[in-house]
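Below: one structure, written as structure tokens.
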Amino acid sequence: MKVLKFGGTSMGSEDSLRQVASIIRQNYEDEQVPVIVCSAMSGVTNLLLEMGDLAEKGSMPAIDSLLKQIETKHLEMAAVFEITEEVEAAIRPLLEDLHGFVQGIARIRELSDRSLAYLASLGERLSTRLLAEILKQEGLPGIQQDTKFIRTTGGSYKCGEVDWDQTKLDLLQALNPLLEQKQIPVLTGFFGTNPQSIISLLGWRGGSDYSAAIVAVSLDCPTLEIWTDVDGFLSADPRIVPEAHVISHISYEEATELCFFGAKVLHPRTIRPVIEGGGEVWIKNTFAPEKQGTRITKVHEEKCQTLMLSVASKPVVMISLDLFGSLKSQRIVYKELFDLASGCEARMDLIASSESIFTFCMSAEDMGKNGFLEALENIAPLQIEEDKSIICIVSPRSVHGQAGVSAQIFQAVAKENVSISAFSQNASEIAQLLVLDTPKVQDAIRSLHTSLTQHCPCEQ
Ligand code: ASP
Ligand code: MG
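The sequence shown begins at 688 in this note's numbering and counts up by one.
This is the structure:
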């Protein structure tokens, strides 16, 4: 059995939806019944969030035009597939619900995380109803299901933790009867419900990948395919390095590092549960299904010749704490810092320290979260440097213990006359992180790619 997850662009146009139906048909004919998990149609989650914003400000006329756009997107597609009546019947109650909901928000002028989660879930609830009708029209037994059976432990409405045991029970109870009848479940990505049965999201944003992983693990399914709009993990962003190539096989550690550092192919929470459950994840391109894609497994056995599998980057703010200037002992500063970051839900991306200075990086968004920066100023004197980026260089496990890898990385960056503001490499040797001035990032990436990437026999 396979779980197939289709992203927003796969759900976004007539051509892509025809491809989706054909990929599902192939899997239905070739093997057992596939289970489908979908994102919202591309752009719809953004429209919903914009509606939420406007509702909070009380601008109802602007909201009505966004609601119309969402309705049109789905009904236009229904008309193309000649299923207007069926889709209308399936989505009209949701559109009415959405209208009433935002009116309520506009009246009280308050959008809590709980309301936001409900609002955001509507994109997937609409898209899956459309896809299920398209499948039926194409002669495939699609059946739409809201994933209320993915259970969270409560706490966060935006990025819930999964209650795996309860989810497995509820999910099997919901899906087994459908699978026994050879029906194809078309499931909403992005959300589950908390112990009080209130909708909670599973990752802010892009959480549908994680939904698909949860479904795959709960069904003991050996293969999760993430169908998206790129050929797989690439050795670099092709807008920066036009000769970047697809990585055909990567381990989950390598892939996870890349997901956290700017490769937008996959939500970083996705891979681990599937791999730990003994399965594997594939990245495939809906628009070029014949291409092999990237396979992610627990270990990557092939002996790669290359020193670098891939390079990614993301913008950050670099913060340095003056440990001496704090007049506190080092361990007190560390404790206060980590307690604060955890309490504010602010994520640190890179840590590098010496006796006198403790440097870390963070996204500008996280730095502004829940009063983090204001409270940080009370811990130690600090220096903030903006317009920095982290470059993450991911090497294959086979370089472990090899001399001179870091030297080549530094040489490649030095060639471009770029100064490194901070760096970090842990004992795994898989990921090396460099902090540079953002305007220098593209040159550094190009130089790293030229100097360190060799096309392996195992690559496409
Ligand atoms: N529709 C949601 C988002 O845009 C979830 C997803 O697509 O994975 O973030
Ligand atoms: Mg996505």
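By construction, the Cβ of each residue, glycine as well, lies at the ideal position given by its N, Cα and C atoms.
CA-to-CA distance, residue j to residue i, given in whole angstroms
i	j	result
Gln1147	Asn881	Note that Gln1147 scores 49 on pLDDT, short of 50, meaning its location in the model is unreliable; the coordinates nonetheless yield the value given after this. Spanning the two alpha carbons is a distance of roughly 43 Å.
Ala727	Arg812	8 Å
Thr910	Cys725	16 Å
Ile1107	Ile1077	10 Å
Asp1009	Ser1111	19 Å
Gln853	Ser843	17 Å
Ser1016	Phe1059	21 Å
Glu1023	Ser1050	20 Å
Ala708	Glu825	8 Å
Val789	Leu753	11 Å
Leu1014	Asn1113	29 Å
Asn863	Asp857	10 Å
Lys845	Leu889	6 Å
Ile934	Ile913	15 Å
Glu716	Lys869	11 Å
Gly879	Val986	30 Å
Leu827	Val720	11 Å
Leu865	Lys855	15 Å
Leu817	Lys1056	37 Å
Phe1045	Arg892	30 Å
Cys1048	Ser1040	12 Å
Those residues which DSSP pairs with residue i across a bridge
i	result
Gly879	Ser887
Ser1029	BP columns for Ser1029 are empty, so no partner.
Asp1124	Lys1075
Gln1119	Ile1080 and Gln1112
Phe1011	For Phe1011, which the question treats as bridged, DSSP gives no partner whatsoever.
Ile761	Sequence check: residue 761 is His here, not Ile. Its beta-bridge partners do not exist; DSSP assigns none.
His936	Arg982
Gly829	Ile871
Ser997	Val1081
Val1004	Met1049
Ile1150	This structure leaves residue 1150 out entirely; the chain is present only between 688 and 1147.
Thr839	Val849
Phe693	Cys725 and Trp914
Residue of the options minimising C-alpha distance to residue i
i	options	result
Tyr897	Ala1114, Val849 and Ile937	Val849
Thr943	Thr984, Gly980 and Asp916	Thr984
Glu1150	Val767, Glu912 and Asn1104	Residue 1150 lies beyond the stretch modelled for the chain, which goes from 688 to 1147, so this question has no answer here.
Glu667	Val707, Thr1137, Pro721 and Val690	Because the chain spans 688 through 1147 in this model, residue 667 falls outside it and cannot be assessed.
Ala776	Gln1017, His1087 and Glu820	Glu820
Gly1012	Val1004, Asn1065, Phe693 and Lys744	Asn1065
Ile871	Asn714, Ser1029 and Leu1063	Asn714
Ala1028	Ser1043, Glu1061, Ser997 and Ser1000	Glu1061
Ile970	Ile962, Gln979 and Gly964	Gln979
Leu691	Ser703, Ile711, Met698 and Gln719	Ile711
Val917	Ser697, Ala1131 and Lys689	Ser697
Glu967	His932, Asn1113, Cys991 and Val904	Val904
Asp1074	Ser1000, Gly1091, Leu865 and Ile770	Ser1000
Glu1052	Met1035, Phe1045, Ser1041 and Ser1043	Met1035
Ala1131	Leu704, Val998, Asp907 and Gly879	Val998
Asn733	Ile927, Gly695 and Cys1031	Gly695
Glu940	Ser1115, Leu798, Glu737 and Lys689	Ser1115
Asp1124	Met1005, Leu906 and Leu1063	Met1005
Gly965	Asp907, Ala975 and Gly1091	Asp907
Ile723	Ala899, Ser729, Arg779 and Ser884	Ala899
Gly1088	Met1054, Val1105, Leu994 and Ser1040	Leu994
Leu703	Ile937, Lys823 and Ser729	Looking at the sequence itself, residue 703 is Ser, so the reference to Leu does not match. Ranking the options by Cα distance to Ser703, first place goes to Ser729.
Val1105	Gly1091, Gln1129, Asp1026 and Ile885	Gln1129
Closer than 7 Å: residue i CB and nearest the ligand MG heavy atom
i	result
Ser726	yes
Gly893	yes
Asp896	yes
Any non-hydrogen atom of the ligand ASP within 7 Å of residue i CB
i	result
Thr732	yes
Phe693	no
Glu912	no
Glu1052	no
Glu811	yes
Phe877	yes
ask   = Below 8 Å, can you find three or more Cβ-Cβ pairs linking the segment 917-926 to the segment 948-965?
value = yes
task = Report yes or no: do three or more beta-carbon pairs, one from the segment 1118-1130 and one from the segment 1065-1082, lie closer than 8 Å?
result = yes
ask   = Does the segment 1095-1103 come within contact of the segment 955-974, defined as at least 3 CB pairs closer than 8 Å?
value = no
request  = Check whether the segment 823-836 touches the segment 863-877, counting contact only when three or more Cβ pairs, one atom from each stretch, lie closer than 8 Å.
outcome  = yes
Given 8 Å, three or more beta-carbon pairs between the segment 732-748 and the segment 802-809 = yes
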